[in-house]
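Step one of this worksheet: look at the structure below.
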Amino acid sequence: MKISVQSIHFNADKKLLDFIQKKVNKLDQFYDKIISGEVYLKLENVEDESNKITEIKCLIPGSQLFVKEKCKSFEEATDLAVESLRRQIERHKQKKAAAAETAAKVVLTATALEDEY
1 MKISVQSIHF NADKKLLDFI QKKVNKLDQF YDKIISGEVY LKLENVEDES
51 NKITEIKCLI PGSQLFVKEK CKSFEEATDL AVESLRRQIE RHKQKKAAAA
101 ETAAKVVLTA TALEDEY
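What the sequence shown shows, in full-length UniProt numbering, is residues 1 to 117, in sequence order.
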């Protein structure tokens, strides 16, 4: 999967970029049809400690998944974002399987009706 990482208003170090790449690549284990991913790292100008935002946009056939997490560190935000994306992918796969099952039932019913006539 192709992943692009953009850090907005700061320069991310190599260690952080490698960590993000490793975490996001694990999504391939759950769904091998992921086309690409975009990761945005932002620093929010607030007094609160949890001012680091990770946004991940994941392109899959027929859909686009998006998640945004805000935490004290980019690593923590990335962990939460990847876990949230994993759940979204699972739901997407379940919906797709249910739709395929329904379509198969419709075809079988139509075939059975044709056989009766």
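From the three backbone atoms N, C-alpha and C, an ideal C-beta is built for every residue, glycine too. Since the model is a prediction, treat every value here as computed from it, not as a measurement.
Inter-residue CB distance, residue i and residue j (contact presumed, cutoff 8 Å)
i: I60; j: I20; result: I60 to I20, Cβ: 19 Å. No contact.
i: V67; j: I56; result: 5 Å
i: V24; j: V82; result: 6 Å
i: L17; j: C58; result: Not quite, the Cβ-Cβ distance comes to about 18 Å (not below 8 Å), so this is no contact.
Residue i - containing alpha helix (DSSP H), residue span
i: V67; result: Run containing V67: none in the alpha helix (DSSP H); it sits in the beta strand (DSSP E), S63 to C71.
i: K22; result: K14 to N25
Opening and closing residue of the beta strand (DSSP E) in which residue i lies
i: K2; result: K2 to I8
Pairwise C-alpha distance: residue j and residue i
i: I3; j: T78; result: 14 Å
i: I89; j: F10; result: 30 Å
i: Y31; j: Q64; result: 13 Å
i: V39; j: A97; result: 28 Å
i: S7; j: E69; result: 15 Å
Bridge partner(s) assigned by DSSP for residue i
i: E38; result: S4 and K57
Problem - Entirely enclosed beta strand (DSSP E) segments - the region 40-110, minimum 3 residues - result: 52-60 and 63-71
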